[in-house]
Amino acid sequence: TGGRTPLIAGNWKMNLNHQEAVVLVQKLAWTLSDKRHDFAAVEVAIFPPFTDIRSVQTLVDGDKMRITYGAQNVSTEESGAYTGEVSASMLAKLGCSYVIVGHSERREHYGETDQIVAQKAKIALKHDITPIVCVGEGLEIRQAGNHVDHCTGQAEASLAGLTDAEVGKVVIAYEPVWAIGTGETATAQDAQEVCAGIRERLEKVYGAEVAGGVRILYGGSVKPNNVAALMQEADVDGALVGGASLSADDFAAISRYY
Ligand code: PEP
7 TGGRTPLIAG NWKMNLNHQE AVVLVQKLAW TLSDKRHDFA AVEVAIFPPF
57 TDIRSVQTLV DGDKMRITYG AQNVSTEESG AYTGEVSASM LAKLGCSYVI
107 VGHSERREHY GETDQIVAQK AKIALKHDIT PIVCVGEGLE IRQAGNHVDH
157 CTGQAEASLA GLTDAEVGKV VIAYEPVWAI GTGETATAQD AQEVCAGIRE
207 RLEKVYGAEV AGGVRILYGG SVKPNNVAAL MQEADVDGAL VGGASLSADD
257 FAAISRYY
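To convert a position in the sequence shown, counted from 1, into full-length UniProt numbering, add 6.
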């Protein structure tokens with residue numbers, strides 16, 4: 007991973023009730039402490055629904071664990087008459103280190119464009135929250151062989167308006183849409199091909215130093231039995247995990263792939 011600290015990120019999506027969420031965090035924290043997880047070697051972050059973030063903050067603090075956490079979405083706006091939205095400053099107050107922006111489910115169901123994603127990334131950074139900017143191709147694009155171009159273009163457009171220094175702080179997640187929640191995983195080579203392509207594009211636009219520091223995650227049906235192979239690839243710096251992050255045992259096992 008070229009000196010970059012690997013990041014294992016668990017996206018809970020719209021799952022679990024509040025009690026289940028609390029139990030999951032406690033079990034995860036306990037399992038990782040029991041196994042003496044080295045958080046400096048592999049960072050672990052969880053992404054609960056907004057309604058659980060306050061509890062997660064309390065549990066993580068109380069445990070002196072170094073599980074970090076963030077939100078699954080953020081408003082493009084600072085504050086004001088935007089009923090139902092949650093702002094970056096609100097997330098910062100709750101101790102969020104990260105926010106996922108432009109997940110394919112949000113692009114597909116909520117019409118999020120690259121431009122909106124870039125605005126969300128920008129406002130997150132303004133509040134010292136690291137955006138995890140998601141990109142990925144659908145099956146048709148993959149079958150036509152245009153996946154690298156598609157994802158590099160999406161990455162560049164989703165970072166529009168960020169300064170070089172800001173781009174140096176983001177995390178990018180490559181998530182092929184056909185591999186999300188389907189049990190279908192890209193091979194480690196498939197993941198590497200696109201992650202390397204994204205890094206190359208970053209290098210062209212922002213220079214080698216910025217490109218070399220950006221963490222690029224793979225996401226799409228990551229499980230305890232396939233994470234190690236993915237993590238061996240030079241440009242894969244971590245995993246964004248959906249389904250398997252709802253099990254403390256599986257997510258702890260993924261976090262301890264090494
Ligand atoms: C995701 O939604 O980010 C994801 C990768 O989901 P899953 O692991 O369930 O495929």
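Each residue gets a CB set at the ideal place from its N, CA and C atoms; glycine is no exception.
Bear in mind the structure is a predicted one, so any value in this text is a computation, not a measurement.
When secondary structure is reduced to three states using DSSP, A130 falls in the helix class. Taken atom to atom, the span from the alpha-carbon of A87 to that of S81 is near 12 Å. Non-local C-beta neighbours of P137 in its own chain, meaning closer than 6 Å and more than five positions away in sequence, comprise V105, V107, A127, A130, V176, ordered along the chain. Closest in C-alpha terms to R72, from the list Y224, R10, A35, S251, comes A35.
The beta carbons of V139 and I178 sit closer together than 7 Å. Contact annotation: V242 and Y224 have beta-carbon atoms nearer than 7 Å. Counting the other CB atoms within 10 Å of its CB gives T11 a total below 16, which places it among the exposed residues.
For N21, the shortest C-beta to heavy atom distance toward ligand 1 is 6 Å or greater.
Around the beta carbon of G213, fewer than 16 other beta carbons lie within 10 angstroms, which makes this residue exposed.
Counting only residues of its own chain and dropping the five nearest sequence neighbours on each side, Y75 has a CB closer than 8 Å to the CB of A51, I52, F53, P54, I59, V62, Q63, V66, G101, C102, S103, Y104.
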